[in-house]
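Colleague: Below is the structure I would like to discuss, written out as structure tokens.
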Amino acid sequence: MEQLFFYLSLLSFIFSMSNLKMRCNMKNLFKSFVVLLAVMAAVPSFAQKANNTLTEKEKKQGWTLLFNGKDFTGWRQCNNTGMAPNWVIEDEAMKVFTAPGKKPGHGAGGDILYKEKKFKNFELSVDWKTSKMGNSGIFYYVREVPGKPIYYAAPEVQVLDNVDATDNKLANHLAGSLYDMLPADPKTVKPAGEWNTIVIKVKDGKVTHTQNGKKVVQYTLWSKEWDDMVANSKFKDFQGFQEGISHEGYIGLQDHGYPIWFRNIKIRELK
Numbered sequence: 000m001e002q003l004f005f006y007l008s009l010l011s012f013i014f015s016m017s018n019l020k021m022r023c024n025m026k027n028l029f030k031s032f033v034v035l036l037a038v039m040a041a042v043p044s045f046a047q048k049a050n051n052t053l054t055e056k057e058k059k060q061g062w063t064l065l066f067n068g069k070d071f072t073g074w075r076q077c078n079n080t081g082m083a084p085n086w087v088i089e090d091e092a093m094k095v096f097t098a099p100g101k102k103p104g105h106g107a108g109g110d111i112l113y114k115e116k117k118f119k120n121f122e123l124s125v126d127w128k129t130s131k132m133g134n135s136g137i138f139y140y141v142r143e144v145p146g147k148p149i150y151y152a153a154p155e156v157q158v159l160d161n162v163d164a165t166d167n168k169l170a171n172h173l174a175g176s177l178y179d180m181l182p183a184d185p186k187t188v189k190p191a192g193e194w195n196t197i198v199i200k201v202k203d204g205k206v207t208h209t210q211n212g213k214k215v216v217q218y219t220l221w222s223k224e225w226d227d228m229v230a231n232s233k234f235k236d237f238q239g240f241q242e243g244i245s246h247e248g249y250i251g252l253q254d255h256g257y258p259i260w261f262r263n264i265k266i267r268e269l270k
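Under numbering that gives the first Met the number 0, the first residue of the sequence shown carries the number 0, and numbering increases by one thereafter.
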């Protein structure tokens, strides 16, 4: 809306100037439109918010960046003190890639987490993009279990190429789903190579997943509904789920052996 108002105001100004100078003949009208088009082409590059930054409004709303767009400050490998080797910074995004010696789809234990703080009630926003056939996950309430992968004791929000991934046969395995428990509905994911935005809101056990502006999942942790979903999932035999999901924990990202990009990772805590 702001850009539309700018363009309309600019157009009005140009016509006014043309009328003042020489009765707005066709030659000057053409010149005016050339100027307008040039400005329209240039303005979006200035108007668009830079990646991995916060607006003044977002700062006032309590948002905090978890990724600075330059390096892995604040992050480390799950169950380790250092950063996983199969992650790089590429085009202002975190990128996990297939580790040397591994086939696509076979992770190398390179799951990572934001180490600076555990979160309880929050709203988390993440932009993600997958390669063709890509598969990964975003985790919250991560509790590290020695020798076990990140999904052993934490809920997973699925990241997937819904079209070509091998794990696209079940509805609750598609992008935006509570993995293996609750399917995303409606299906709002964009294809491989395009950026998606997922917002995960957790407040006193009530959770929603909002994918590309549409709420696709909602559930309540530690409820009968939750217990029933766990009992009917692959996690029913995982000790981490049998012991119960923690009431706070780290934010984490999965290494599933495919190239995946993450950026604009931000969070705000809720009272």
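By construction, the Cβ of each residue, glycine as well, lies at the ideal position given by its N, Cα and C atoms.
Source: prediction; values computed, not measured.
Using a 10 Å radius around the Cβ and a threshold of 16 neighbouring Cβ atoms, would you call E122 buried or exposed?
Modeller: Answer is buried; the Cβ neighbour count reaches 16.
Colleague: Grouping DSSP H, G and I as helix and E and B as strand, with all else coil, what is H105?
Modeller: Of the three classes helix, strand and coil, the one that applies to H105 here is coil, per DSSP.
Colleague: Relative to the C-alpha of G251, which residue among K114, P99 and K101 is closest?
Modeller: Of the candidates K114, P99 and K101, the one whose C-alpha sits nearest the C-alpha of G251 is K114.
Colleague: Less than 9 Å separating the beta-carbons of G133 and A164?
Modeller: Yes, Cβ-Cβ distance for G133 and A164 is below 9 Å.
Colleague: Would you mind reading off the limits of the alpha helix (DSSP H) that contains Q238?
Modeller: It spans Q238 to Q241 - the alpha helix (DSSP H) in which Q238 sits, taken as one unbroken run.
Colleague: Among W225, E143 and K56, whose alpha-carbon lies nearest the alpha-carbon of L181?
Modeller: The residue with the shortest Cα to Cα distance from L181 is W225.
Colleague: For I149, name the three-state secondary structure that DSSP assigns.
Modeller: Correct three-state label for I149: helix.
Colleague: Please go through the same chain and pick out, in chain order, the residues whose beta-carbon is closer than 8 Å to the beta-carbon of L159, but skip the five residues on each side of it.
Modeller: The residues are T129, G133, N134, S135, D166, N167, H172, L173, A174 and V188.
Colleague: For Q253, which option in F66, F138, V125 and K48 has the closest C-alpha, if you only look at C-alpha atoms?
Modeller: Checking every option, the nearest Cα to that of Q253 belongs to F138.
Colleague: I believe V156 touches I199 by the beta-carbon criterion, under 8 Å. Please report the beta-carbon distance rounded to the nearest angstrom.
Modeller: The Cβ separation is near 6 Å, so the contact holds.
Colleague: Compare the Cα-Cα distances from P103 to each of G256, N263, F261 and E268 and report the closest residue.
Modeller: Comparing Cα-Cα distances from P103 to each of G256, N263, F261 and E268, the minimum goes to G256.
Colleague: Would you mind reading off the limits of the alpha helix (DSSP H) that contains A174?
Modeller: No alpha helix (DSSP H) contains A174, which DSSP labels as neither H nor E.
Colleague: Beta carbon of Y140, beta carbon of S245: below 9 Å?
Modeller: Yes, these two residues count as a Cβ contact at 9 Å.
Colleague: Secondary structure at A92, three-state DSSP: helix, strand or coil?
Modeller: Note: A92 maps to strand in three-state DSSP.
Colleague: Please classify T80 as buried or exposed, where buried requires at least 16 other C-beta atoms within 10 Å of its C-beta.
Modeller: Looking at its Cβ environment, which holds fewer than 16 other Cβ atoms inside 10 Å, T80 is exposed.
Colleague: Might you give, ordered along the chain, the residues of its own chain that have their beta carbon closer than 7 Å to the beta carbon of F32, omitting 5 neighbours on each side?
Modeller: Caution is warranted here: a pLDDT of 48 is assigned to F32, below 50, making its placement in the model unreliable, and no coordinate value can be reported.
Colleague: Could you name the residues of the same chain whose beta carbon sits closer than 6 Å to that of S176, not counting the 5 residues immediately before and after it, in chain order?
Modeller: If we look at S176 and ignore the five residues flanking it on each side, its Cβ neighbours are Q157, P182 and A183.
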